[in-house]
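Participant: Under full-length UniProt numbering, the first residue of the sequence shown is numbered 1, with each subsequent residue one higher. Yeah, the Cβ is synthetic: ideal placement off N, Cα and C, and Gly gets one too. The structure's right below; bear with me while I get my questions together.
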Amino acid sequence: MKFPKPHTLKEIANLIDTDYVGSDDFPVLGMNEIHVVEPGDIVFVDHPKYYDKALQSAATIVLINKEVECPEGKALLISDDPFRDFNKLTLHFKPFKSSNVSIAEDAKIGEGTILQPNCFVGNNVYIGKNCVIHSNVSIYDDTVIGDNVNIHANTVLGGSAFYYKKRPEGFDPLISGGRVVIENNVDIGAGCTIDKGVTGDTTIKEGTKIDNQVQIGHDTVIGKKCLIASHVGIAGCTVVEDEVTIWGQVGITSGVTIGTKAVISAKAGVSKSLEGHKNYFGIPADDFRSKYKEIASIKKIPEILQKLKDL
Numbered sequence: 001m002k003f004p005k006p007h008t009l010k011e012i013a014n015l016i017d018t019d020y021v022g023s024d025d026f027p028v029l030g031m032n033e034i035h036v037v038e039p040g041d042i043v044f045v046d047h048p049k050y051y052d053k054a055l056q057s058a059a060t061i062v063l064i065n066k067e068v069e070c071p072e073g074k075a076l077l078i079s080d081d082p083f084r085d086f087n088k089l090t091l092h093f094k095p096f097k098s099s100n101v102s103i104a105e106d107a108k109i110g111e112g113t114i115l116q117p118n119c120f121v122g123n124n125v126y127i128g129k130n131c132v133i134h135s136n137v138s139i140y141d142d143t144v145i146g147d148n149v150n151i152h153a154n155t156v157l158g159g160s161a162f163y164y165k166k167r168p169e170g171f172d173p174l175i176s177g178g179r180v181v182i183e184n185n186v187d188i189g190a191g192c193t194i195d196k197g198v199t200g201d202t203t204i205k206e207g208t209k210i211d212n213q214v215q216i217g218h219d220t221v222i223g224k225k226c227l228i229a230s231h232v233g234i235a236g237c238t239v240v241e242d243e244v245t246i247w248g249q250v251g252i253t254s255g256v257t258i259g260t261k262a263v264i265s266a267k268a269g270v271s272k273s274l275e276g277h278k279n280y281f282g283i284p285a286d287d288f289r290s291k292y293k294e295i296a297s298i299k300k301i302p303e304i305l306q307k308l309k310d311l
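Now the structure itself:
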């Protein structure tokens, strides 16, 4: 998430009432999660296990809960609770804006687009040309939808990320300030839920077709011309490359990459990145050849046990 204008390190430190290491006028251009940071961004880290990853990332401002040696060319914001202060910054630069109308006044809707009854279109939404948005679809603030997109009833675009920090009194959410971006010629079935990015975009690329009741987590990128069948659940920060086919009830963990033209059969559980141009099934998912060898070996276990008894 880029700020509307550049800020200084001192200005940001004052906003969240923290100490800092670096020059007062050190430039701060935005804030992002570790996997999408760029120079000028703030990234937060609150566990020693991830200090080095954050300090060595592309981010040039690190919001951290311990004063450590500051890498050359970077700055630190020293906080007793970086998670809390990252949320403060999100709320400051991307505050929640309520709406009392079905279609926000500043929403932009292209020529030939049809909105069926009871749709909600939030603030700063853009919808392209010749789209059909069916009844009871909710399109949250800042969503971007391209041309020739079909979205079926009861789908929700832009819900908050499922991202929490455990506290003694319960769970605190990481507040989402990102967007959902739907490119041209995408079809989305009924009852789907696509969460917005925490600070970046959850993206569905051109020509992808999504069946009913599919969940796509925050900051995930779905490539071009993918097919995703019903009841698929894809966790946050996942990359699905182009022309991937995912059949029904597949579950995919966070932070993995599914390679181009991979095919994942129904009910598979994906717990690691998968190469492209292969077919996969099972829990955990593996390519067909390896999985069938595994199943064949398992079938031999009773015979092996009997031989051991005979001995």
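What are the start and end residues of the alpha helix (DSSP H) that includes residue 313?
Facilitator: An answer regarding residue 313 cannot be provided, because it is not within the stretch 1 to 311 covered by the chain.
Participant: Within 10 angstroms of its Cβ, does L76 collect 16 or more other Cβ (buried), or is it exposed?
Facilitator: With 16 or more Cβ atoms within 10 Å of its Cβ, L76 is classed as buried.
Participant: Name, in chain order, the residues that DSSP records as bridge partners for M1.
Facilitator: BP columns for M1 are empty, so no partner.
Participant: Have a look at P6, T238, G122, E169 and flag the residue whose alpha-carbon is nearest the alpha-carbon of G251.
Facilitator: Taking only the C-alpha atoms, the option nearest G251 is T238.
Participant: What residue range is occupied by the uninterrupted beta strand (DSSP E) comprising D19?
Facilitator: Residues 19 to 21.
Participant: For a minimum of 3 consecutive residues, which ranges assigned as the beta strand (DSSP E) are wholly contained in the region 270 to 304?
Facilitator: Here the runs fully enclosed are 279 to 281.
Participant: For P6 and I42, what's the separation of their Cα atoms in angstroms?
Facilitator: Answer to the nearest angstrom: the Cα atoms are 12 Å apart.
Participant: Against chain B, with Cβ distances strictly below 7 Å, would I304 count as a contact?
Facilitator: The structure shown contains no chain B; it holds only a single protein chain.
Participant: Alpha carbon to alpha carbon, how far is V156 from S99? Give it in angstroms, no decimals.
Facilitator: C-alpha separation (whole angstroms): 16 Å.
Participant: Of the residues V256, A262, G282, N212, which one's Cα is nearest the Cα of S273?
Facilitator: The option with the nearest alpha carbon to S273 is V256.
Participant: Suppose you measure from the CA of A235 to the CA of R167; what does that come to, to the nearest Å?
Facilitator: Their Cα atoms are separated by approximately 22 Å.
Participant: Decide if D310 is buried, meaning its Cβ has at least 16 other Cβ atoms within 10 Å, or exposed.
Facilitator: With fewer than 16 other Cβ atoms within 10 Å, it is exposed.
Participant: For the alpha helix (DSSP H) containing K10, list its first residue and its last residue.
Facilitator: Note, K10: alpha helix (DSSP H), 9 to 16.
Participant: Using only the alpha-carbon positions, how far apart do A190 and E72 sit?
Facilitator: Each residue's alpha carbon lies about 51 Å from the other.
Participant: Residues in the same chain with beta-carbon distance under 8 Å from H277, minus the five sequence neighbours each way, listed in chain order, please.
Facilitator: Counting only Cβ-Cβ distances below 8 Å, and skipping sequence neighbours, we find G259, T260, K261, A262.
Participant: Relative to the C-alpha of V180, which residue among T8, G248, S138 is closest?
Facilitator: V180 has its Cα closest to that of S138, out of T8, G248, S138.
Participant: Go ahead and label V221 buried or exposed: buried means 16 or more other beta carbons lie within 10 angstroms of its beta carbon, across all protein chains shown.
Facilitator: The residue in question, V221, is buried, as its Cβ has 16 or more Cβ neighbours within 10 Å.
Participant: Helix, strand or coil for P27? Go by DSSP, reduced to three states.
Facilitator: Looking at P27 - three-state DSSP - the assignment turns out to be strand.
Participant: Name, in chain order, the residues that DSSP records as bridge partners for Y164.
Facilitator: DSSP, once it has assigned bridges, lists P173 as partnering Y164.
Participant: Name the DSSP beta bridge partners of D233, please?
Facilitator: Looking at the sequence shown, residue 233 is not Asp but Gly. Per DSSP, Q215, G251.
Participant: Where does Y126 fall in DSSP's three states?
Facilitator: In the structure shown, Y126 sits in a strand (DSSP, three-state: E or B).
Participant: Provide the residue span of the alpha helix (DSSP H) that contains D52, from first to last.
Facilitator: Segment 51 to 55, the alpha helix (DSSP H) holding D52.
Participant: Give the straight-line distance between the Cα atoms of T202 and P82, rounded to the nearest whole angstrom.
Facilitator: Whole-angstrom Cα-Cα distance: 24 Å.
Participant: For L157, does the three-state DSSP call read helix, strand or coil?
Facilitator: If DSSP states are grouped into helix, strand and coil, L157 belongs with the strands.
Participant: Use the C-beta contact count for K196: other C-beta atoms within 10 angstroms, 16 or more gives buried, fewer gives exposed.
Facilitator: The residue is buried, with at least 16 neighbouring Cβ atoms inside 10 Å.
Participant: Would you call G158 buried or exposed, if buried means 16 or more other Cβ atoms sit within 10 Å of its Cβ?
Facilitator: It is buried - the Cβ of G158 has at least 16 other Cβ atoms within 10 Å.
Participant: Pull up the distance between the alpha-carbon of I114 and that of N212, whole angstroms please.
Facilitator: Each residue's alpha carbon lies about 20 Å from the other.
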